[in-house]
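2 protein chains.
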Amino acid sequence: MEEMIVFGHKSPDTDTICSAIVMSDLQGKLGKKVKAVRLGELNKETEYALKYLNVEKPEIISEVENGQEVILVDHNEFSQSANNIENAKIKMVVDHHRICDFQTAEPLYYRAEPVGCTCTVLYKLYKENNVEVSEKMAGLMLSAIISDTLLLKSPTKTDEDEKAVKELAQIANLDYQTYGLEMLKAGTDLSDFSAKELIGLDCKECALSDKKAKIAQVNTADINDMMTRKAEIEETMKKDIEENGLDLFVFVITDIINSNSQAIVHGKETAIFEKGFNKKLEDNTAFLPGVVSRKKQILPVLQENA
Amino acid sequence: MEEMIVFGHKSPDTDTICSAIVMSDLQGKLGKKVKAVRLGELNKETEYALKYLNVEKPEIISEVENGQEVILVDHNEFSQSANNIENAKIKMVVDHHRICDFQTAEPLYYRAEPVGCTCTVLYKLYKENNVEVSEKMAGLMLSAIISDTLLLKSPTKTDEDEKAVKELAQIANLDYQTYGLEMLKAGTDLSDFSAKELIGLDCKECALSDKKAKIAQVNTADINDMMTRKAEIEETMKKDIEENGLDLFVFVITDIINSNSQAIVHGKETAIFEKGFNKKLEDNTAFLPGVVSRKKQILPVLQENA
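For the protein sequence lines, the chains are A and B, in the order given. Every letter in the first sequence is one number past the one before it in the working numbering, and letter 117, counting from 1, is 117. To get the working numbering, take the position in the second sequence, counting from 1, and add 1000.
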């Protein structure tokens, strides 16, 4: 049997890494040989979760080979996927994002639901296929949902995510409030990252009409602390804009304790941001009260105003 | 509650019509208000099925309004969908085709499986949601699967389709062999169609690399009978090529009794067809033994050689 590989998006976050490991476990139990891999370095939050749960991190790859059979989790857009993805055979997708910049030559299994986390969908797949969830896999899925919904506080959270968190916490034998806060906090220690690493930690490229944009996001427990590094972050953003021909770069610093964000915005299309949020940028920054979700509260606003 | 609409592709076939009606029934039972509509006239096979099962045909529409919430069944490509689909809000898709020429601005429910028929997936959704299948809905799903798999003889047929047919035949109280053959035969009576109607009955536009192609298919119990109309069919194909700027037009006459096809091929890119099937066209035609499936046996061949 030829081995399939499963992976999430570039700049991997906790959902992407956990979904790849969990999907490989589920498919294995259904009789398929599927290896989880990753497209980049782990962030500290994910490292915390894997260490706590005593799970090995997947092998890293940078591109896929022609004709390689793959499963995508937690993304579908080719620009967020492995290099050479257009020449792979995509057999399955499990995701919770919009569909864009994606196509296949042949029919496939595609399962997306408008919930807060890919692992919420994966948990349903275990149930539908009558496959038992191990303590470790429950811990991974729990970590992913806590991460994507900021401990069920993000507007992307649905009733299904909440239900899954409660059930998975039981199977994993974890107090999800305590564990979740520790895990999120572990992810906010960004002191030893260079500015370039900071903007790459959780960065998504996206098309806004015919414009090319990047939206990067970091979580913090203290926005002011991160803003002391504004100058070097801006320097790096400008360099990225030039090197990659971007029209807009939005760097979002999200306060996970108080659920607000500060944005740093550069590029020749900053007017899209100003129009969308009805805010004049001051010194290229804007405070966005109540905004924590790139997918639900930032990307659609920019898309509608591009 | 605002009403959603659900529809299948243009040039509707039995799966597209039955899937729309069935999805509206399922969603209704799950508490949503969803109306089934259609994008074109019924073919005789579908007419036979709806009449036999005593089910009303859905209302016809030609385009969707801006912002209308819609569910797509049995297709996803915008070129096969309602006019103005790019300005609708696509909330759900249930399908069994490749994904192409499709995108959304927001997350959605997307369910595709590589099986022979959309109704096979819909039948699974009833089960997953613990919704009882009525005799009428079982009859519709059964008709769709028989149509798409040519009574389980097409290479697109999977074990899941076969299992669904047997279970649905029981619920619908139908001998699926007898009913299925009668239904398929009803669809082959094409004597009162003009050549223009013939090529539009089940016609799909598709991109082959950067080329624009159409592949139309009709089912028959006698290929020779249909070939007596070759001249007028070719006249109409050439006109369509000119009017719509097509690079290739393949008209496929499929013998549902013996599982073979005869193709009539026109356009400036006929070499794609000849290369793909390793056959020299004679008088613009070629016999394709064992070929019955556009999706599995024709489209991929053309795509690989474009």
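All residues carry an ideal CB built from backbone N, CA and C; glycine is no exception. In this text the structure is predicted, and so the values were computed from the model without any measurement.
Counting only residues of its own chain and dropping the five nearest sequence neighbours on each side, B:LYS1157 has a CB closer than 7 Å to the CB of GLY1116, THR1149. For A:SER147, the closest alpha carbon among the candidates A:GLU56, A:ASN43, A:LYS214 is that of A:ASN43. Excluding sequence positions up to five before and after A:GLY40, its CB lies within less than 6 Å of the CB of LYS10, SER11, PRO12, all in the same chain and listed in chain order.
Counting of Cβ neighbours within 10 angstroms places A:LYS153 among the exposed residues, the total staying below 16. Residues are counted here when their Cβ sits less than 7 Å from a Cβ of chain A; for the stretch 1099 to 1115 of chain B these are ILE1099, CYS1100, PHE1102, GLN1103, THR1104, ALA1105, GLU1106, PRO1107, LEU1108, TYR1109, TYR1110, ARG1111, ALA1112, GLU1113, PRO1114, given in chain order. Collapsing the DSSP output to three states places A:THR220 in a strand.
In this structure, DSSP gives A:ASN244 a helical state, which the three-state scheme calls helix. Taking the CA atoms as reference points, B:THR1178 sits about 16 Å from B:GLU1162. With contact defined as three or more Cβ pairs closer than 8 Å, the stretch 1277 to 1294 of chain B and the stretch 1070 to 1084 of chain B are not in contact. Between the C-alpha atoms of A:LEU198 and A:GLY67 there is a straight-line separation of about 34 Å.
At a C-beta separation below 7 Å, A:HIS97 has these neighbours in chain B: PRO1107. Only buried fits B:LYS1091, as 16 or more other CB atoms lie within 10 angstroms of its CB. Interface with chain A (8 Å Cβ-Cβ cutoff): B:GLN1027 is excluded. Neighbourhood of A:GLN80 in chain B, by CB distance below 9 Å: empty, with the nearest CB roughly 14 Å away. Less than 8 Å divides the Cβ of A:SER261 from the Cβ of A:VAL292. Proximity to A:ASN258 across A:PHE287, A:ILE85, A:ILE60, A:ASP175 peaks at A:PHE287, based on C-alpha coordinates.
For A:GLN68, no Cβ of chain B is located within less than 8 Å of the residue's own Cβ. DSSP, read as helix, strand or coil, puts A:SER261 in strand.
Around B:GLN1303, the beta-carbon contacts reaching into chain A at under 8 Å are ALA105. Per DSSP, B:PHE1273 is one residue of the alpha helix (DSSP H) stretching across 1270 to 1277. Between A:LEU246 and A:LYS214, the C-beta spacing is below 8 Å. Put simply, the backbone Cα of A:ALA112 is about 15 Å away from that of A:ASP101. The criterion of a C-beta distance shorter than 8 Å is satisfied by A:ILE253 and A:THR220. Every unbroken stretch of the alpha helix (DSSP H) spanning 4 or more residues and falling wholly within the stretch 22 to 86 of chain A is given here in chain order: 44 to 53. At a cut-off of 8 Å between beta-carbon atoms, A:PRO300 makes contact with chain B. A contact between stretches requires three or more CB pairs, one per stretch, nearer than 8 Å, and the stretch 1042 to 1059 of chain B meets this requirement with the stretch 1012 to 1024 of chain B. Around B:GLU1128, the beta-carbon contacts reaching into chain A at under 7 Å are GLU128. Within its own chain, the residues whose Cβ lies closer than 6 Å to the Cβ of B:MET1226, once the five positions on either side in sequence are excluded, are THR1220, ILE1253, listed in chain order. Per DSSP, B:GLU1205 lies in no alpha helix (DSSP H); the unbroken beta strand (DSSP E) holding it starts and ends at 1203 to 1208.
Under the DSSP assignment, A:LEU288 falls in the beta strand (DSSP E) whose first and last residues are 285 to 288. By the CB criterion at 8 Å, B:GLU1269 and B:LEU1248 fall inside the cutoff. At the C-beta level, A:VAL70 and A:ASP95 stay beyond 8 Å of one another.
Per DSSP, A:ILE90 is one residue of the beta strand (DSSP E) stretching across 89 to 95. A:ALA169 is not a Cβ neighbour of A:LEU125, given a cutoff of 8 Å.
By the criterion of a C-beta distance shorter than 7 Å, A:THR236 is surrounded in its chain by ALA195, LYS196, ILE199, once the five residues flanking it on both sides are discounted.
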